[in-house]
Amino acid sequence: MSARAQLLQQIKNKAVVHGKVILSSGQETDRYLDLRRVALDGEAAPLVGEAMLDLTGDLDYEAVGGLTMGADPVAAAMLHAAAARGERLDAFVVRKVGKAHGLQRRIEGPDVAGRRVLALEDTSTTGNSVLTAVEALREAGAEVVAVAVIVERGAAPAVEAAGLPYYSVFTLGDLDLG
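Mapped onto my numbering, the consecutive letters of the sequence shown carry residue numbers 1 to 178.
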């Protein structure tokens with residue numbers, strides 16, 4: 001069974017929560033996808049990394065990440081999956097705002113200036129979070145080659161309107177939530 005097929009079962013079993021929830025976009029849903037339940041799960045996280053690498057295999061990028069918190073475990077899973085394949089992939093974390101102390105960096109991890117990067121999110125409804133990360137990455141001198149998510153909830157038009165290719169492993173229809 002492929003990593004994608006195994007991941008689909010993990011998401012259905014562990015990440016679909018029924019009940020009213022307010023999303024970060026302000027929208028209300030009665031089916032919430034808590035993808036941290038799979039992206040931080042010892043059994044499922046390696047599948048996240050594999051599926052995301054397979055999904056974006058036609059792209060040329062050196063580092064992955066996005067706005068903290070949704071992108072962090074996805075980036076880590078991809079970094080480890082790449083290493084298991086004998087490949088090098090860096091990860092980074094984009095803060096919502098820069099720190100006022102220390103190095104005062106908004107993007108943590110290896111420097112992204114002059115590098116080709118893939119912006120990530122676990123799931124996206126409006127695209128606001130991932131596009132905030134894209135803006136920060138561009139300000140830091142990175143070349144954003146695309147946006148990739150585990151589950152597409154509706155952000156595709158916004159991301160594509162921003163001129164970026166958009167990749168998703170699954171849609172809500174794949175999860176029987178469409």
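The beta-carbon is built from N, C-alpha and C at its ideal position, and this holds for glycine as well.
| Asked | Found |
| --- | --- |
| Per-residue DSSP class, three states only, for residue 129 | helix |
| Unbroken alpha helix (DSSP H) run spanning residue 20, endpoints | Looking at the DSSP string, residue 20 is not in any alpha helix (DSSP H); the run it does join, the beta strand (DSSP E), is 16 to 22. |
| Buried versus exposed, by CB contacts within 10 Å (16 or more), residue 72 | buried |
| Beta-carbon spacing of residue 50, residue 91 below 7 Å | no |
| Identity of the residues DSSP links to residue 202 by a beta bridge | The displayed coordinates of the chain run from 1 to 178. Any statement about residue 202 would go beyond what the structure contains. |
| Reduced DSSP category for residue 72 - H, G, I as helix; E, B as strand; rest coil | helix |
| Cβ shell of residue 153 (< 7 Å), same chain only, five flanking positions each side left out | 123, 124, 125, 172 |
| Simplified DSSP assignment, three categories, for residue 4 | helix |
| Those residues which DSSP pairs with residue 90 across a bridge | 63 |
| Close beta carbons around residue 44, own chain, < 6 Å, minus the five adjacent residues each side | 10, 38 |
| Coil, strand or helix - residue 43 by DSSP | coil |
| Terminal residues of the beta strand (DSSP E) in which residue 119 lies | 116 to 124 |
| C-beta contact flag for residue 117 and residue 131 at 7 Å | no |
| CA nearest to the CA of residue 110, picked from 84, 87, 4, 142 | 142 |
| Any 3 or more C-beta pairs closer than 8 Å across the region 1 to 17 and the region 27 to 42 | yes |
| Closest residue to residue 168 among 160, 148, 5, 158 (Cα-Cα distance) | 148 |
| Cut-off 6 Å between Cβ atoms - residues of its own chain near residue 40, not counting five sequence neighbours on either side | 73 |
| Distance, residue 114 Cα to residue 65 Cα | 15 Å |
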